[in-house]
Each structure stands twice: as structure tokens, then as C-alpha cells.
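The sequence shown begins at 1 in this note's numbering and counts up one residue at a time.
Written below as C-alpha cells is the structure these notes are about.
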Amino acid sequence: MIRRPIQRSTAILLGIASLLLLLGSYTWLSYRQHRSNPDDTTIPTWSQIGHGVVQVFEVNKRSQERWVVVDLKATATRYFLGLAAGATAALFIGLAMGCFARVEAFLQPPLSLLAQVPPTAALAVFFVLVGTGQNMYVTMIAFGVLPAMAQTVYLEVKEFPEELLFKTYTLGASRMEVIFSIIFPQVLPRLLDSLRLVIGPALVYLIAAEMVVGDVGFGYRIRLQSKLMNMSVVYPYLALLAGFGFSMDYLLRRIQRKLCPWYNPVQ
């Protein structure tokens with residue numbers, strides 16, 4: 001039967017099996033590669049990856065700093081600033097478009113157009129407009145996530161029942177009270193859903209920018225170690241990025257359940 005539910009224990013076992021299959025496939029590929037070339041570094045063995053992890057976390061003799069600490073601080077700062085700026089702007093733009101027809105008519109065309117522009121393709125434009133410092137990374141992430149998030153908020157506001165609006169006005173609520181006390185709580189879970197969906201794309205924009213012009217950060221380190229074919233360092237960095245994205249998604253889901261207990265995303 002289509003969409004027939006399965007037991008939680010079965011779902012957990014299937015998830016574990018998929019991860020074991022992934023790890024087993026990598027182990028087999030690494031073994032096959034090193035059997036033909038024992039000095040290969042493109043598909044490192046688990047022992048080589050272990051040495052790479054030590055290299056990432058130990059104090060570097062030349063810089064006297066831990067790579068992971070320096071890079072994580074730079075990348076996380078840029079990421080959260082850009083995501084916060086984009087989400088905040090998207091919230092207010094989406095609310096304004098959904099609540100006011102004039103704002104909708106004015107902003108809908110350019111927003112739809114900008115949503116089709118890949119931020120990574122516009123890197124040169126960001127370099128010219130805001131330079132290559134911190135502002136460039138923040139602006140690029142905000143530009144990348146704003147159109148999709150703003151349209152999500154806008155569409156959710158447009159679906160708000162008209163009868164509830166009339167009832168709140170009848171009870172004497174002002175325009176701002178209706179927007180922030182009635183409409184905003186209904187929009188919040190969708191905003192958090194949208195934020196979860198842009199976790200990955202925002203990381204892509206940031207890593208791409210760091211690989212091009214960064215002098216510190218995950219993208220910079222991956223580019224540097226890739227040139228040296230030191231994949232035993234690159235793979236741990238990729239694993240850290242995956243763990244970071246997973247943690248962000250889990251945290252946002254917990255926040256959504258806490259702030260919006262009435263919301264059922266299945267509906």
C-alpha cells in the first residue's frame with residue numbers, strides 16, 4: 001500500500017543500514033584504489049583519515065593555531081550573519097507584500113527576477129559592490145536566501161483566512177496588531193521551514209566564496225588542501241560541514257516545535 005507507515009524500530013534499522021552501506025562502499029573503493037596504488041591520497045584509508053583528523057585539530061607548528069578553530073570561527077560568523085540578515089529582510093518583505101497590495105505590485109517582479117540569479121554566478125558583482133571582506137560573504141548569503149524565503153512568507157500571508165482578519169478588526173485591533181499579533185504567529189512555522197531549506201544552499205554560497213577569495217575558513221582550507229591532494233584533511237572538513245548542517249536542521253525543528261506546537265507540517 002502506498003505511504004503505508006512502518007514501525008519506528010524498522011525506520012531506525014533502515015537508516016543505520018543505509019549509513020553502513022555508505023561506509024562499506026567507501027571502504028571498498030579505498031581498498032581497491034590502494035591495492036593498485038599504495039601511495040594514493042585521493043581516496044584515503046581510514047587510518048589516513050585518522051591522521052588527517054589529528055592534523056586538523058592539533059596546533060599547527062607554523063601558525064601556532066588549530067586549523068579547525070580558526071576556520072570554524074570565520075565560517076560560522078559569516079554564515080550566521082548572512083543567514084540572519086537574509087531571514088530578517090525576507091520576513092519584513094514577505095509580510096509587507098502579503099499585507100499591502102501596492103507593496104506586492106512593486107516588489108513581486110524584481111523579487112521573482114532576482115530569485116533566478118545564482119549568487120555564485122554574481123561573485124564578481126559582489127566583489128565590485130562590497131569588496132572582498134566580511135560584508136561580501138554576508139551580502140552574498142543574504143542575497144541568496146532572501147528571494148525564496150520572502151516568497152514563502154508572502155504566500156503564507158496570502159493564504160491567511162479573510163474571516164479572521166475581519167474578526168480582529170471588529171474587535172478593535174489596529175493594523176500593526178493584526179500583522180504582528182495575528183498574522184506573524186501563523187507565518188512563523190513556515191518561516192522556520194523555509195530557513196531549514198536554505199541551510200544547504202547558504203553553505204554552498206559561503207564555501208564557494210571562501211574558495212575564491214578567502215584567506216581563512218572552511219572553503220579556503222578545502223581549496224588549499226585539495227591543491228596539495230591532501231584529501232585526508234578535506235574529508236574531515238566535509239564531515240564537519242555535514243554535521244553542522246544536520247545540527248542546524250535539528251535545532252530549527254526543535255525551535256519550531258517549541259514555538260509553534262499547533263503546527264503540523266504534514267497537513
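Here a beta-carbon is modelled for each residue, glycine too, at the ideal position from N, C-alpha and C.
All of these numbers come straight from a predicted model, not from anything done at the bench.
Discussion item. Checking 7 Å against the spacing of the C-beta atoms, do A89 and L146 come in under that value?
Written reply: Cβ distance < 7 Å, so A89 and L146 count as in contact.
Fill in: Beta-carbon proximity list for I179, same chain, < 7 Å, skipping 5 on both sides
Counting only Cβ-Cβ distances below 7 Å, and skipping sequence neighbours, we find L95 and C99.
Worksheet item: CA-CA distance, Q108 and W67?
Response: A straight-line Cα-Cα distance of about 44 Å links Q108 and W67.
Worksheet item: Under the DSSP definition of a beta bridge, which residues are partnered with R32?
Response: For R32, DSSP records no beta bridge to any residue.
Practice prompt. With a 10 Å radius around its C-beta and 16 neighbouring C-beta atoms as the bar for buried, classify L206 as buried or exposed.
Written response: Note on L206: 16 or more other CB atoms within 10 angstroms of its CB, so buried under the neighbour-count rule.
Worksheet item: Given I43, which residues of its chain have a CB within under 8 Å of its CB, disregarding the five upstream and five downstream residues?
Response: Around I43, the same chain offers Y26, L29, S30, Q33, H34 and M231 as residues with beta carbons nearer than 8 Å, after the five sequence neighbours per side are excluded.
Item to complete: Report buried or exposed for V153, applying the criterion of at least 16 other Cβ atoms within 10 angstroms of its Cβ.
Response: Looking at its Cβ environment, which holds 16 or more other Cβ atoms inside 10 Å, V153 is buried.
Worksheet entry | For R4: DSSP bridge partner residues | Beta-bridge pairing links R4 to no other residue.
Worksheet item: Based on the DSSP secondary-structure assignment, which residues constitute the bridge partners of R66?
Response: Answer is V59, bridged to R66.
Worksheet entry | Residue interval of the alpha helix (DSSP H) (run including N230) | Note, N230: premise wrong, no alpha helix (DSSP H); not H, not E.
Practice prompt. Quick one: grab the DSSP three-state call for Y263.
Written response: Three-state DSSP puts Y263 in coil, outside helix and strand.
Fill in: Reduced DSSP secondary structure (H/G/I, E/B, other) of Q186
Q186 falls in the helix class under three-state DSSP.
Discussion item. With three or more beta-carbon pairs closer than 8 Å as the criterion, would you say the segment 215-225 touches the segment 234-248?
Written reply: Taking a cut-off of 8 Å on C-beta distances, the segment 215-225 touches the segment 234-248, as three or more cross pairs fall below it.
Practice prompt. Grab me the residues of K158's own chain with a C-beta within less than 7 Å of its C-beta, minus the 5 sequence neighbours each way, in chain order.
Written response: Apart from sequence neighbours up to five positions away, the residues of its chain that approach K158 with a beta-carbon distance below 7 Å are G98, ordered along the chain.
Worksheet item: How many Å lie between M224 and G144 at the Cα?
Response: A small correction: the amino acid at residue 224 is Leu; Met does not occupy that position in the sequence shown. Here the alpha carbon of L224 sits roughly 25 Å from the alpha carbon of G144.
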